[in-house]
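K.L.:
As given, the protein sequences belong to chains A and B, one line each in that order. For what it's worth, our numbering labels the leading residue of the first sequence as 14, then goes sequentially. For what it's worth, our numbering labels the leading residue of the second sequence as 55, then goes sequentially. Glycine residues also receive a C-beta, built at the ideal position from the N, C-alpha and C atoms. I'd like to ask you about the structure that follows.
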Amino acid sequence: MDILSSIKANIPVLHLTGRFDAHEVKPVADWMQEQVDANRPRLVVDLQKVNFIDSTALSTLVRGLKHCREQGGDLHLCSLQQPVRVIFELTRLDKAFDIFASEQEAIQAFTG
Amino acid sequence: MLAEHLETRRAQFIALADSWLQVGAGCVRLLDGGAVLTQYPPNGSLSPHPLIVHSRASNLILQIHGVKADDWSATAAMTLDLLDSLLTADTELESLTAALVETQDRLVALYELTQATRRKLGIPILLDLLLEQACHLLEVDGGFTVLLQPGQPALIHQKGNNLLSDDHIHVAASLYRRDTGRHTFKDAGTLPIGLRNVMMVSLPVREQVFAALGVYNKTGDFTSPDIKLAQSIADHIGAQLENAFLHEEALAHIRLETEMNVARQVQTSLLPQSIPAIPGLDVYAVSTPALQVGGDFYDVILRPAKPVVFMVGDVTGKGMPAALLMAMTHTIARAAVRNVPFTQPHEIVDRLNNDLIEDFSNVGMFSTVFVGMIDPATRQLSLCNAGHSPVVYAPASGDPILLEAQDIPIGVLDGYSFNSYSCKLSADDLFIVASDGFPETRNASGEMFGYERLKACLALGRASSAREIAQQLFDAVTQFSGNGPQEDDRTVIVIKVR
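See the structure below:
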């Protein structure tokens, strides 16, 4: 899995590519922790190029979501592919996360 | 030394002196430089101008008193040659003996070196023995081994009369690491104080490890044969270290496997050992854990004069953390069902979420949970599905339907309110709650079993008993996976209305 991070309108955005599973969660967890520790609890994770997500990866996102919210922020997800969207729907985690159609919308939801 | 040798050769000296006395000499004397080593007879008469012969091979001087120098000088020279060669032979014999003893010593040390490794010792004791023998063989003050693994602290072991500081060893190791073709370093400002000379050779252990054997402070200098000997000792140590590592890994693996087996037994014993008979319903439930302990649980609980409760849960992840949280979740759920007169499934799930949100958050996990309540008399079913799948309802007349979860898993949001839904079942209806270990089973080409195959399997076997239907499901995924290893727990509850 490839990981690329950027900052857009002061919002850290993480772009993931490929399979997001138990073997790939550490750098993502580290990145989210780094942002929250640096007092940047409003994050966007772009899943546009992710074609598979497993339960450990879901846990990692849930953990990030909790940390962000504890610090008064939030974790927005965007651009889910169909197989990934299905997993969010099956687990109903689509009710826990704010999920956006595009990166721009996910950022705008923070910046207003 | 010469005096000692002369002592052992005294008889020969006297015999030679005697032959001189017979031709008229008064005394025969042997000198080493200016000092008299011996004379015969002890009180023999000395003349002011003896015949004097100087050795060509040593510092020995022979004086023959009381003979005419001109007549006897050639014979005297022969006598001295004889004495010289006798004494030289003795000296040579002595040094050969010393060399023999030394070689014997080294052989014993080499033997010890090989023997040290035949016993199954811990790595520190093994290194201790190996280094001791290496120092002995190379005749140095001390030695050390240093192992540098990426992301781990340096592993240093040393043996010697005066131990070096870790800094000294790091300096030596980094000098060698810069150019592993260079083995010896002499003090020329580059070595830390206290190190006169150092020889380093590499220890062949695992590829990603930089490992070296160092020995230091040899009297004189290290020679090329020393490097060769050190390298062969290092090869030996490397092989033994590798063995010791493998041995330790094997032990750790066995320990882990034993713990995993115990964990799996505990986990299995927490699940219902039998399913109670329920009038009006044919119920079967079973769970097969994956090789690694996992996080699935299920239960079927009869309550007097209340609907039967059945539940399935799946804690995210695998291994001990998942197994521990699964045991907690299951225990709290069972206690809640038994001790609190809940009438709706979501009350149980609310309770689980409130009780466990902190624990789940601490370890960054969550759990899907399905709780159903069914009244066998009225066939009324109410359910709460917290992110769990697959749940399939197969009406007596009609295709199986996948029921999607209505709520998020437990352990995700604090204070979340879960919901219950109800429906009425009819005779021959099928209701199945499984875990994602079924649909997510992969075949050799990575394709998943999926929900459609699951529904098809249920549609096909629906006339069978609950137990047979469960068995057909297991058979279908096992066949699909080509008997590959089971990657996730597989759990299923099958309820068939009679």
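1) Give the DSSP bridge partners of S421 of chain B, in chain order.
2) Nearest-angstrom Cα distance between N408 of chain B and D468 of chain B?
3) Quick one: does V425 of chain B have its CB under 8 Å from some CB of chain A?
4) Would DSSP call A339 of chain B helix, strand or coil?
5) Take K550 of chain B as the anchor and find which of B:A448, B:F299, B:V354, B:T495 has the nearest alpha-carbon.
6) Could you name the residues of the region 368-398 of chain B whose beta carbon sits closer than 7 Å to any beta carbon of chain A, in the order they occur along the chain?
7) Could you give the DSSP three-state label for I100 of chain A: helix, strand or coil?
8) Could you tell me the distance, in whole angstroms, from the CA atom of I308 of chain B to the CA atom of C81 of chain A?
9) Check whether the region 126-145 of chain B touches the region 102-117 of chain B, taking contact to mean three or more Cβ pairs, one atom from each stretch, closer than 8 Å.
10) For the region 334-352 of chain B and the region 538-548 of chain B, state whether three or more C-beta atom pairs, one from each stretch, are separated by less than 8 Å.
11) Quick one: Cα of L100 of chain B to Cα of A284 of chain B, how far?
12) Under the three-state reduction of DSSP, which class applies to T30 of chain A: helix, strand or coil?
13) When the cut-off is 8 Å and only beta carbons count, does D461 of chain B lie next to chain A?
14) Determine whether the beta carbon atoms of G426 of chain B and F364 of chain B lie at a separation below 8 Å.
15) On the criterion of 16 or more Cβ atoms from any shown chain inside 10 Å, does S139 of chain B qualify as buried, or is it exposed?
16) Around the Cβ of P204 of chain B, are there at least 16 other Cβ atoms within 10 angstroms (buried) or fewer (exposed)?
17) Once you ignore the five residues that flank P395 of chain B on each side, which residues in its own chain have a CB closer than 8 Å to its CB?
18) With a Cβ-Cβ cutoff of 8 Å, do V63 of chain A and L29 of chain A count as a contact?
19) Taking its Cβ as the centre, do 16 or more other Cβ atoms sit within 10 Å of D67 of chain A, making it buried, or is it exposed?
20) Tell me whether A265 of chain B sits in a helix, a strand or coil according to DSSP, three-state version.
21) State the Cα-Cα distance for the pair W74 of chain B and T62 of chain B, rounded to the nearest angstrom.
22) Taking Cβ positions only, does T30 of chain A come closer than 8 Å to chain B?
23) Within the 8 Å Cβ cut-off, does V316 of chain B reach chain A?
24) Taking the alpha helix (DSSP H) that L310 of chain B falls in, what are its first and last residues?
25) Can you list, in chain order, the residues of its chain whose CB lies under 6 Å from that of I223 of chain B, leaving out five sequence neighbours each side?
26) Residues of chain A with a CB under 7 Å from the CB of G441 of chain B: which are they?
27) Using 8 Å for Cβ pairs, my map puts L107 of chain A next to A122 of chain A. What's the rounded Cβ distance?
28) Out of B:I281, B:A89, B:A387, B:D86, point me to the one whose CA is closest to F239 of chain B's CA.
29) According to a CB-to-CB cut-off of less than 7 Å, which residues of the region 487-514 of chain B neighbour chain A?
30) Taking C-beta to C-beta, are S421 of chain B and G465 of chain B nearer than 8 Å?
31) Note down the Cα distance separating V498 of chain B from D15 of chain A, rounded to an integer number of angstroms.
32) Could you tell me which whole alpha helix (DSSP H) segments of length 4 or greater appear in the region 509-542 of chain B?
33) When the Cα of A69 of chain B is compared with those of B:H59, B:L527, B:T532, B:V82, which residue comes out closest?
34) With distances taken from CA atoms, which of B:N297, B:P375, B:H442 is nearest F414 of chain B?
35) Give the secondary structure of V354 of chain B by DSSP, where H, G and I count as helix, E and B as strand, and everything else as coil.
36) Are S92 of chain A and A70 of chain A closer than 8 Å when you measure CB to CB?
P.N.:
Taking the geometry as given:
1) B:V369, B:I464
2) 7 Å
3) no
4) strand
5) B:A448
6) T370, G371
7) helix
8) 41 Å
9) yes
10) yes
11) 60 Å
12) strand
13) yes
14) yes
15) exposed
16) exposed
17) K360
18) yes
19) buried
20) strand
21) 21 Å
22) no
23) no
24) 278-324
25) F198, V200, I210
26) T104, R105, L106
27) For clarity, residue 107 of chain A is Asp in the given sequence; the question names Leu instead. So it is not a contact: roughly 15 Å between Cβ atoms.
28) B:I281
29) none
30) yes
31) Correcting the residue identity first, residue 498 of chain B is Ala in this sequence and not Val. Each residue's alpha carbon lies about 25 Å from the other.
32) 520-534
33) B:V82
34) B:P375
35) strand
36) no
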